[in-house]
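Colleague: For the sequence shown, position 116 matches number 632 in my numbering, and the numbering has no gaps at all.
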Amino acid sequence: MSIPNRIGLALGSGSARGLAHIGVLRALEEAGIAVTCVAGTSIGALIGAIYASGKLDALATQLLAFDWKRVATLLDPIFPRSGLIDGQRVVSLLRSHVGVSNIEDLPVPFCAVATDIETGEETVIKTGDLIEAVRASIAVPGILTPVRFNGRVLVDGGLVNPVPVRAARAMGADFVIAVDLNHDIVTGRMSRHEPSAHARAYGNAVEHLLQRLRSSNSPALAQFTEWLRKEPLPGIFEVLLGALSIMQAQITRTNFQQENPDLTIRPPLGATRFMDFDRAEEIIDIGYRSAVEELTAFSGSGAVDLRRKLTQG
Numbered sequence: 517m518s519i520p521n522r523i524g525l526a527l528g529s530g531s532a533r534g535l536a537h538i539g540v541l542r543a544l545e546e547a548g549i550a551v552t553c554v555a556g557t558s559i560g561a562l563i564g565a566i567y568a569s570g571k572l573d574a575l576a577t578q579l580l581a582f583d584w585k586r587v588a589t590l591l592d593p594i595f596p597r598s599g600l601i602d603g604q605r606v607v608s609l610l611r612s613h614v615g616v617s618n619i620e621d622l623p624v625p626f627c628a629v630a631t632d633i634e635t636g637e638e639t640v641i642k643t644g645d646l647i648e649a650v651r652a653s654i655a656v657p658g659i660l661t662p663v664r665f666n667g668r669v670l671v672d673g674g675l676v677n678p679v680p681v682r683a684a685r686a687m688g689a690d691f692v693i694a695v696d697l698n699h700d701i702v703t704g705r706m707s708r709h710e711p712s713a714h715a716r717a718y719g720n721a722v723e724h725l726l727q728r729l730r731s732s733n734s735p736a737l738a739q740f741t742e743w744l745r746k747e748p749l750p751g752i753f754e755v756l757l758g759a760l761s762i763m764q765a766q767i768t769r770t771n772f773q774q775e776n777p778d779l780t781i782r783p784p785l786g787a788t789r790f791m792d793f794d795r796a797e798e799i800i801d802i803g804y805r806s807a808v809e810e811l812t813a814f815s816g817s818g819a820v821d822l823r824r825k826l827t828q829g
């Protein structure tokens, strides 16, 4: 076995499922694993950037206090042209937790993966404005507006590389730990049994967004919201985001055959919805427990010190 001395993380896309990354990172820290670089796609880029800045605990504390009303405050709807949500409030949340402006100033090397919507190319952002890089990586097509970055129009990196193992290796990692959040999206969606209280909270958040859309006096926007009444927004989200997640699961499966990670953590979160950020404690815990199980299995059920195995071979 070669001696890995640069351990990289590949944090995958998955909307609210991405809160599991926080639990995974906690498990890695408890195991004494020193991460030397982080590559993130979509929500993985957002969590990864805050982790690389050393501010993850503060974010976790804030997220644990989220209810559907707090989730709704992050939605800043605009006239629907290239997306329903502008994303500036999400940017403000990120900015409040990151103390650096540029990616190269982070204490832990980091990159965000986005997609050039005009060429279809994967775009790995390793330098420049950190906030804009993350904002580009989380720009879910049709939901969040695209971002112009260095002359390109960028959207969610999950379209081309949902779990950026290749990007982590390109940063110099010789041992990559990947977190795949979309592996069970099909079976999870088919078996979803949601508590009624949570279903009401989800509906409240969506209705809040609709009310804000209806507050505009634009005749065109009025026609759009009338259409939404006939075809409820949760159904639209389900179709669009379900299709996106299924696509990402297939892409990840193919990518892993070419760029197989050295250790893969797959939290069982297929039944988690796009906007389930008010379930932060539950999702973080699932990520933590999944990581502990995988790390224990990898280390030989505790027979070998995990940190020594990773750093000394």
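From the three backbone atoms N, C-alpha and C, an ideal C-beta is built for every residue, glycine too. Values in this document were obtained by computation on a predicted structure and should not be read as measured data.
How about S815 and R782: do their beta carbons lie closer than 9 Å?
Modeller: No, the Cβ-Cβ distance between S815 and R782 is not below 9 Å.
Colleague: Report back the beta-carbon spacing between V671 and A655 to the nearest angstrom; my notes put them in contact at under 8 Å.
Modeller: Indeed they touch by this definition, with Cβ atoms about 4 Å apart.
Colleague: Could you tell me the distance, in whole angstroms, from the CA atom of E638 to the CA atom of G673?
Modeller: So the two alpha carbons sit approximately 7 Å from each other.
Colleague: If you draw a straight line from the alpha carbon of R611 to that of G548, how long is it in whole angstroms?
Modeller: Those two C-alpha atoms are separated by around 28 Å.
Colleague: Do D632 and G528 have their beta-carbon atoms positioned less than 9 Å apart in this structure?
Modeller: No, these two residues do not count as a Cβ contact at 9 Å.
Colleague: Below 8 Å, how does it come out for the segment 615–627 and the segment 641–650: are there three or more Cβ pairs, yes or no?
Modeller: Yes, the segment 615–627 is in contact with the segment 641–650.
Colleague: In whole angstroms, what separates the C-alpha of A813 from that of I538?
Modeller: So the alpha carbons of these two residues sit roughly 20 Å apart.
Colleague: Just the C-alpha distance for A568 and A759, rounded to the nearest angstrom, thanks.
Modeller: The alpha-carbon atoms of A568 and A759 are separated by roughly 31 Å.
Colleague: By the three-class DSSP mapping on this structure, what secondary structure does T635 have?
Modeller: Coil at T635, not helix or strand.
Colleague: Helix, strand or coil: how does DSSP classify L527 here?
Modeller: In the structure shown, L527 sits in a strand (DSSP, three-state: E or B).
Colleague: Is it right to say N666 is buried, meaning 16 or more other beta carbons lie within 10 angstroms of its own, or is it exposed?
Modeller: N666 comes out exposed.
Colleague: Measuring CA to CA, which of E809, D794 and V663 is closest to S531?
Modeller: For S531, the nearest C-alpha among the options comes from D794.
Colleague: Please return the same chain residues whose Cβ sits closer than 6 Å to the Cβ of R522, not counting the five positions on each side in sequence.
Modeller: Contacts found: T552, G688, A689 and D690.
Colleague: Using beta-carbon positions only, say whether P777 and A652 come within less than 9 Å of one another.
Modeller: No. Outside cutoff.
Colleague: Which of the three DSSP states is assigned to N771 in this structure?
Modeller: In this structure, N771 counts as helix in the three-state DSSP scheme.
Colleague: Tell me the rounded alpha-carbon separation between Q764 and L811.
Modeller: Using only the alpha carbons, I get a separation of about 25 Å.
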